[in-house]
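Here's the structure we're looking at; comments come further down.
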Amino acid sequence: MHQGFVLPPASRLNSYSLRRGFVQTKRYQIRATSDNPAHTDVLVQLANAVRAWQCRTKSPSTWLPTDSLTRRCDVARELQLSYLIKKAGGYRQVQNLLNLRPATSSTQTYQINELEEMAILLRSLSQQNGLPPLEEYFPSRRQIRQMSPTLANRIASFPGRGGYGRLLEYVKDGIHPSTSTQNVSQWSTDRGELREWGVWTSKELILERLATFQSHSRVLPRLCSLPSSISCAVQRQGGAALFAQQHNLILEKDFEKMSRLSTVVRWLSDVVEEDYPAHLPYGDRIRLQAETPPTFPSSNYVRKCGMEVNIQRCGGRRSLALRLGFASEYAIKGLRMGPLSVRFAADLLDFAMDTVIVSKDGSIAIPSADYLREAGKSHLVDGIQLFGGEDTVGRRLGLAT
Numbered sequence: 020m021h022q023g024f025v026l027p028p029a030s031r032l033n034s035y036s037l038r039r040g041f042v043q044t045k046r047y048q049i050r051a052t053s054d055n056p057a058h059t060d061v062l063v064q065l066a067n068a069v070r071a072w073q074c075r076t077k078s079p080s081t082w083l084p085t086d087s088l089t090r091r092c093d094v095a096r097e098l099q100l101s102y103l104i105k106k107a108g109g110y111r112q113v114q115n116l117l118n119l120r121p122a123t124s125s126t127q128t129y130q131i132n133e134l135e136e137m138a139i140l141l142r143s144l145s146q147q148n149g150l151p152p153l154e155e156y157f158p159s160r161r162q163i164r165q166m167s168p169t170l171a172n173r174i175a176s177f178p179g180r181g182g183y184g185r186l187l188e189y190v191k192d193g194i195h196p197s198t199s200t201q202n203v204s205q206w207s208t209d210r211g212e213l214r215e216w217g218v219w220t221s222k223e224l225i226l227e228r229l230a231t232f233q234s235h236s237r238v239l240p241r242l243c244s245l246p247s248s249i250s251c252a253v254q255r256q257g258g259a260a261l262f263a264q265q266h267n268l269i270l271e272k273d274f275e276k277m278s279r280l281s282t283v284v285r286w287l288s289d290v291v292e293e294d295y296p297a298h299l300p301y302g303d304r305i306r307l308q309a310e311t312p313p314t315f316p317s318s319n320y321v322r323k324c325g326m327e328v329n330i331q332r333c334g335g336r337r338s339l340a341l342r343l344g345f346a347s348e349y350a351i352k353g354l355r356m357g358p359l360s361v362r363f364a365a366d367l368l369d370f371a372m373d374t375v376i377v378s379k380d381g382s383i384a385i386p387s388a389d390y391l392r393e394a395g396k397s398h399l400v401d402g403i404q405l406f407g408g409e410d411t412v413g414r415r416l417g418l419a420t
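Residue 20 is where the sequence shown starts when you use this note's numbering, and the numbers rise one by one after that.
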């Protein structure tokens, strides 16, 4: 039990303190008012209450709770700090008399203690309402307010704002690696309702729900096209780019960019195929295209086929002609990038878009020779070796190596 501060008898008071009008207690220096002894009693009572608040909340000994903190803190309300501070003359006067400073929101110690208390309360509420553990499922703001409006207000008034996000990060980072989790099948019946309003912290559950909205198993859709529960969960994991990197996914915008290039190259391949004999084997056909480069379709023909916008987004006619090995008339300043078959480029891009091998930088990588042979695409391996290897072909087609 905490012992309160008691004023010493007058015989033990320091003469200098009496002349200055101060009374020195065990910890605080209190201004004595001889004309109003009741005011001194209030200050002593306030000093005891502040010390009790500091001990119970594990706050620094130089802190005085602010006005907003005395209203939202359960301990401060129990000790009636707001009433005592106003009765003693207000915050400014109490700070000067007790030599304290207001509790600042930037102090990490208080924030951690506050988050710890809120996490304990929220964990007990989740257990009482039959929700999964916080390690697997974090209730939404709406659910927290339905379970406990007091806790919801306390989270909303967290110092520095963003109390909901800070609490979610604290629960996520505070999980011990050996903490056991509840079996998902035990609450599978309520899964739909929980996912609708909550924020998932389990990456496996996020990927499970995400599979419904993916155009490809290796493509992460845009967050704006996902339900708010999934998009918020991905953002809590560090954002779309970091989430995709951690789970070997590619962003949808990068996938669409390569898909557009694959569509354009396939269209160009179909156009130029009419100029070469159809009975030739695949290897002889791509060699013939490399030895006798085709002519890029005219602007009027491109516009008539509706491919003008796609070609412009892929770099324009001259850039594509240079990369795909068209006739030398499209060379830039007399420079060419060497021979290449449009048919081979289209086949390789189609296979790369079907498999979507994600590279280290988060882009689509060119399939390796072993992978192509296992998939029955040995003719593509011969084409890669014919046109300069994986590095050369990958740079020309926009595939990572």
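Here a beta-carbon is modelled for each residue, glycine too, at the ideal position from N, C-alpha and C. Since the model is a prediction, treat every value here as computed from it, not as a measurement.
Tell me whether residue 384 sits in a helix, a strand or coil according to DSSP, three-state version.
-> strand
Hey, how far is the Cα of residue 224 from the Cα of residue 342?
-> 42 Å
Thinking C-alpha only, which one of 291, 362, 130 is nearest residue 399?
-> 362
Are the beta-carbon atoms of residue 83 and residue 120 separated by less than 8 Å?
-> yes
Secondary structure of residue 295, DSSP reduced to three states = coil
DSSP-derived helix/strand/coil call for residue 330 | helix
Can you grab the Cα-Cα spacing for the pair residue 65 / residue 174, in whole Å?
-> 27 Å
Run through DSSP, which three-state label would residue 375 get?
-> coil
Alpha carbon to alpha carbon, how far is residue 81 from residue 226?
-> 48 Å
Grouping DSSP H, G and I as helix and E and B as strand, with all else coil, what is residue 119?
-> coil
Please state whether DSSP places residue 239 in a helix, a strand or coil.
-> strand
What's the C-alpha gap between residue 327 and residue 333?
-> 10 Å
If you pair each beta-carbon of the stretch 275-293 with each one of the stretch 362-375, do three or more pairs fall below 8 Å?
-> yes
Whose C-beta lies closer than 7 Å to the C-beta of residue 304 among residues of the same chain, with five residues either side of it excluded?
-> 295, 362
Which of helix, strand or coil does DSSP assign to residue 394?
-> coil
At which residues does the alpha helix (DSSP H) containing residue 265 begin and terminate?
-> 259-265
Using DSSP with H/G/I as helix, E/B as strand and the rest coil, what is residue 107?
-> coil
Is residue 263 near residue 381, with beta carbons less than 8 Å apart?
-> yes
On the three-state DSSP scale, how would you describe residue 224?
-> helix
Residues sharing a beta bridge with residue 419, DSSP = 384
Answer with buried or exposed for residue 230, where buried requires no fewer than 16 other C-beta atoms within 10 angstroms of its C-beta.
-> exposed
Answer with buried or exposed for residue 209, where buried requires no fewer than 16 other C-beta atoms within 10 angstroms of its C-beta.
-> For residue 209, the predicted model reports a pLDDT of 37, less than 50, meaning its position is unreliable and no value from the coordinates is stated.
Where residue 274 falls: helix, strand or coil (DSSP) | helix
Relative to the alpha-carbon of residue 186, which residue among 131, 371, 92 has its alpha-carbon at the smallest distance?
-> 131
Can residue 239 and residue 268 be called in contact, C-beta distance under 8 Å?
-> yes
How far does the alpha helix (DSSP H) with residue 166 in it reach, from first residue to last?
-> 160-166
Closer than 6 Å by C-beta to residue 291: which residues in its own chain qualify, once you throw out the five before and the five after it? Chain order, please.
-> 313, 361
Alpha helix (DSSP H) containing residue 338: first to last residue?
-> 336-342
With DSSP as the reference, please indicate the residues paired to residue 269 in a beta bridge.
-> 238
Does DSSP put residue 370 in a helix, a strand or coil?
-> helix
Outcome for residue 288 when other beta-carbon atoms lying within 10 angstroms are tallied against a minimum of 16 | buried
With DSSP as the reference, label residue 363 as helix, strand or coil.
-> helix
CB residue 397 to CB residue 405, shorter than 8 Å?
-> no
Return the CA-CA distance between residue 411 and residue 133, expressed in angstroms with no decimal places.
-> 57 Å
Please report how far the alpha carbon of residue 190 lies from the alpha carbon of residue 241, in whole angstroms.
-> 27 Å
Three-state secondary structure (DSSP) at residue 157?
-> strand
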